[in-house]
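Using my numbering, read the sequence shown as starting at 1 and increasing by one per residue.
Glycine residues also receive a C-beta, built at the ideal position from the N, C-alpha and C atoms.
Okay, structure first, notes after.
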Amino acid sequence: MGIPLASEARLASIRDRVPTVATLCSHSSLQIFHGARLEGFPTLGISVGPPPRFYDAFPLGRPDRFLPVASVKELPHVADRLRSEGAVVIPHGSFVEYLGAEAFGALDVPVFGNRAVLAWESDRRKERDWLDSAGVSMPKLFEDPSEVDGPVIVKYYGAKGGKGFYLAKNRRALDAFTPTGPHVIQEYVLGTRYYLHFFYSPLSDRGYRVGHGSLELLGMDRRDEANIDELYKLGAQEELLKAGIRPTFVVTGNVPVILRESLLERAFDVGARIIERSIELFGGMVGPFCVEGIMTEELEFKVFEISTRIVAGTNLFISGSPYSDLVAPGLSTGRRIAQELKRGRDSDRLAEILS
Ligand code: AMP
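Written out as structure tokens, the structure reads:
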């Protein structure tokens with residue numbers, strides 16, 4: 001048995017009825033609705049303003065019904081309505097970012113996954129404590145600039161899309177830079193980025209056993225980042241700075257990737273450590289999560305970030321990925337969420353996957 005996350009009171013609105021899968025119309029919602037429909041759930045799209053017109057172009061991803069709100073911040077005011085609809089809210093990256101961690105944490109509607117993870121993900125120091133204490137390799141952190149002995153990346157707290165990040169190729173370049181706010185100085189890891197799409201099910205008793213359940217790998221992508229991904233074509237950073245061009249990491253899209261098969265062992269080890277430690281720290285991270293890291297030429301995987309819910313890179317795999325095809329045909333992360341909901345309901349274990 002896993003750990004109960006939701007109280008009886010929290011689950012009252014979905015007792016003895018088929019829940020409605022609800023999420024904000026954005027990010028990975030077409031995939032979430034599509035997966036829910038395949039598993040037989042009704043769907044509800046929360047739209048900011050009128051429903052997005054382009055959803056009409058995707059009949060298999062369009063939700064059955066829409067609930068328009070004036071702004072995402074209004075969501076707590078429609079909690080009664082969501083409960084009366086029997087909604088289970090599926091969080092995704094935009095959902096939590098637009099609503100804010102605090103309001104999301106307090107949302108009085110059953111939510112898929114463990115919302116206690118928010119406190120650990122939204123604070124870079126806490127996130128580092130979690131991963132470090134799990135024994136996951138991470139880029140070195142420099143408390144003092146005088147310790148810097150190679151290329152570093154200066155990250156401002158809460159910087160969106162890495163906009164204000166500064167790359168210094170050595171200590172001299174770092175000394176010449178004056179940070180303008182709270183930041184961390186991190187080793188700039190040279191290697192190839194991989195974003196691993198995992199799913200932890202506390203309800204499963206087969207497969208790659210971890211914690212109370214099992215760990216699945218459903219896909220992998222790399223993010224296209226403007227303008228850093230194209231900078232090499234223009235030459236060295238100093239020349240670019242002279243021309244007034246600063247490197248940024250704004251995500252503009254995603255490309256599918258796979259790892260060398262022999263590296264999968266390492267990938268699963270990292271995912272398993274993160275889950276095991278999450279169980280000790282806060283009752284466990286349930287459902288989809290993404291481990292974001294860099295594979296070095298020494299084949300060491302250094303994790304620079306974790307996303308604790310469905311990531312947009314999974315949209316590449318609405319009809320399956322080279323990994324999920326080996327779990328079940330046509331399995332997207334959105335569909336996997338719906339399957340977990342179904343299993344939780346059928347086995348009366350919803351309290352272990354909702355909060
Ligand atoms: P983050 O906001 O931590 O997700 O970082 C945004 C982007 O900066 C990542 O997608 C990477 O391209 C890059 N990045 C972050 N940390 C590092 C690092 N330690 N070494 C190299 N690149 C990094």
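If we call anything under 7 angstroms between Cβ atoms a contact, is residue 362 one with residue 184?
Residue numbering for the chain in the displayed model covers 1 to 355; residue 362 lies beyond these limits and cannot be assessed.
By a C-beta neighbour count over all protein chains shown, 10 Å radius and 16 as the cutoff for buried, is residue 14 buried or exposed?
Counting other Cβ atoms within 10 Å of its Cβ, residue 14 reaches 16 or more and is therefore classed as buried.
Do residue 300 and the ligand AMP come close, with the Cβ less than 6 angstroms from some heavy atom?
Relative to the ligand AMP, residue 300 has its C-beta separated by 6 angstroms or more from all heavy atoms.
When DSSP labels each residue in this structure, what does residue 356 get in the three-state scheme?
Lying outside 1 to 355, the shown extent of the chain, residue 356 is not represented and no answer is given.
When you compare only the Cα positions, how much space is there between residue 213 and residue 165?
38 angstroms
Whole angstroms is fine: what's the gap from residue 257's alpha carbon to residue 220's?
6 angstroms
How is residue 140 classed by DSSP in three states: helix, strand or coil?
Secondary structure at residue 140: coil, using DSSP grouped into helix, strand and coil.
Give a yes or no on contact between the region 299-308 and the region 267-282, applying the rule of three or more CB pairs nearer than 8 angstroms.
yes
Whether or not the region 326-344 and the region 16-28 are in contact is what I'm after, with contact meaning three or more pairs of Cβ atoms, one per stretch, closer than 8 angstroms; do they touch?
yes
Return helix, strand or coil for residue 73, following the three-state DSSP convention.
helix
Straight-line CA distance for residue 378 to residue 105?
The displayed coordinates of the chain run from 1 to 355. Any statement about residue 378 would go beyond what the structure contains.
Once DSSP output is grouped into helix, strand and coil, what is the label at residue 271?
helix
Within its chain, find whatever has a CB closer than 7 angstroms to the CB of residue 52; leave out the 5 residues flanking it on each side and keep chain order.
25
Please go through the same chain and pick out, in chain order, the residues whose beta-carbon is closer than 8 angstroms to the beta-carbon of residue 208, but skip the five residues on each side of it.
214, 215, 216, 268, 272
Do the region 62-75 and the region 43-50 make contact, defined as three or more Cβ pairs closer than 8 angstroms?
As far as the Cβ criterion goes, the region 62-75 touches the region 43-50, which means the pair count is three or higher.
Starting from the C-beta of residue 84, find all residues in its chain whose C-beta is less than 8 angstroms away, skip the five residues before and the five after it, and write them out in chain order.
Result list for residue 84: 13, in chain order.
Can you tell me which residues form a DSSP beta bridge with residue 219?
197
So, with DSSP's three-state summary, where would you put residue 296?
Residue state, collapsed to three classes: coil.
What I want to know is whether the C-beta of residue 31 ends up closer than 6 angstroms to one or more non-hydrogen atoms of the ligand AMP.
no
With distance defined between alpha-carbon atoms, name the residue in 111, 245, 286 nearest to residue 201.
286
So, with DSSP's three-state summary, where would you put residue 117?
helix
Using CA coordinates, which residue listed in 280, 175, 82 is at the minimum distance from residue 120?
280
May I ask whether a heavy atom of the ligand AMP can be found less than 6 angstroms away from the beta carbon of residue 78?
no
According to DSSP, which residues form a beta bridge with residue 56?
Per DSSP, none; premise fails for residue 56.
How is the beta strand (DSSP E) around residue 185 delimited, first residue to last?
183-187
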